[in-house]
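Colleague: Residue numbers (the numbering used here): 291 to 488.
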């Protein structure tokens with residue numbers, strides 16, 4: 291076997307090893323059974339989630355183009371039903387309970403608003419609370435630390451572009467004396483969880 295043949299076989303072996311490593315990494319770390327939500331092509335998407343005790347009031351305002359909003363008005367009831375069903379389908383695999391869904395259409399400003407209550411993501415132990423927010427941020431492809439959410443004493447927030455849509459997220463949390471900093475104590479956050487004492 292000459293040097294050229296050895297080089298070819300060596301190159302093939304390296305490519306196979308790299309593919310095996312990438313495949314193994316994806317198999318181990320990729321979320322299983324979770325659907326990624328692809329947002330429609332609205333102009334702007336504003337999400338607010340306000341945590342009180344063990345419940346979250348979720349509000350999503352979508353600003354649409356004139357053409358898209360006219361299509362929505364052409365089948366308003368069907369749109370409302372699809373919007374609620376899509377929201378539940380994208381989020382319920384995370385083990386949360388979604389209740390009291392309501393949709394409002396602001397026809398003057400081309401805005402649709404989805405509001406609902408979310409339960410089953412806050413856990414209490416003595417006076418310590420932990421909230422799992424992967425149901426909110428993972429379908430959007432976000433991470434509190436990797437995407438550098440803004441941290442304050444009563445919120446985490448982010449703004450940017452997702453699937454071509456200007457998007458903002460505000461998570462209102464119980465007010466504390468310290469910022470909800472990454473890995474902070476007694477209140478703080480990690481990649482998808484937030485904790486505090488109350």
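Glycine included, every Cβ here is placed at the ideal spot set by N, Cα and C.
Locate the beta strand (DSSP E) running through residue 334, then write down its first and last residues.
Modeller: 334-342
Colleague: Helix, strand or coil for residue 430, going by three-state DSSP, please let me know.
Modeller: helix
Colleague: If contact is defined by three or more beta carbon pairs under 8 Å, each pair taking one atom from either stretch, is the region 350-367 in contact with the region 459-470?
Modeller: no
Colleague: Per DSSP, what are the beta-bridge partners of residue 350 in this structure?
Modeller: Answer is 337, 404, bridged to residue 350.
Colleague: How is residue 472 classed by DSSP in three states: helix, strand or coil?
Modeller: strand
Colleague: Could you tell me whether the region 344-352 touches the region 404-413, where touching means 3 or more Cβ pairs closer than 8 Å?
Modeller: As far as the Cβ criterion goes, the region 344-352 touches the region 404-413, which means the pair count is three or higher.
Colleague: Return the CA-CA distance between residue 488 and residue 421, expressed in angstroms with no decimal places.
Modeller: 13 Å
Colleague: Which whole-angstrom value describes the C-beta separation of residue 448 and residue 432, a residue pair presumed to lie in contact below a C-beta threshold of 8 Å?
Modeller: 7 Å
Colleague: Between the alpha carbons of residue 458 and residue 417, how many angstroms are there, rounded?
Modeller: Distance between the alpha carbons of residue 458 and residue 417: 31 Å.
Colleague: CA-CA distance, residue 334 and residue 357?
Modeller: 14 Å
Colleague: Relative to the alpha-carbon of residue 375, which residue among 434, 404, 342 has its alpha-carbon at the smallest distance?
Modeller: 404
Colleague: Once the 5 residues before and after residue 386 are set aside, which same chain residues still bring their CB inside 6 Å of it?
Modeller: The answer, listed in chain order, is 408, 410, 411, 425.
Colleague: Under the assumption that residue 481 contacts residue 435 (Cβ atoms under 8 Å), give the Cβ distance between them as a whole number of angstroms.
Modeller: The Cβ separation is near 5 Å, so the contact holds.
Colleague: Any heavy atom of the ligand MN inside 7 Å of the beta-carbon of residue 344?
Modeller: As far as ligands go, the structure on display features none, and thus does not contain the ligand MN.
Colleague: What residues match up with residue 409 in a beta bridge as DSSP calls it?
Modeller: 345, 387
Colleague: With residue 422 as the anchor, note down where its beta strand (DSSP E) starts and where it stops.
Modeller: In the DSSP assignment, residue 422 falls within the unbroken beta strand (DSSP E) covering 418-422.
Colleague: Counting along the chain, where does the beta strand (DSSP E) carrying residue 456 start and finish?
Modeller: Looking at the DSSP string, the run of the beta strand (DSSP E) that includes residue 456 is 455-462.
Colleague: Throw me the rounded Cβ distance for the residue 423 and residue 484 pair, which I believe falls under 8 Å.
Modeller: Confirmed, about 6 Å.
Colleague: State yes or no: is the C-beta of residue 373 within less than 8 Å of the C-beta of residue 402?
Modeller: yes
Colleague: Using only the alpha-carbon positions, how far apart do residue 278 and residue 465 sit?
Modeller: No information on residue 278 is available, as it lies outside the stretch 291 to 488 that the chain covers here.
Colleague: State the Cα-Cα distance for the pair residue 351 and residue 475, rounded to the nearest angstrom.
Modeller: Near 33 Å, if we compare the C-alpha coordinates of residue 475 and residue 351.
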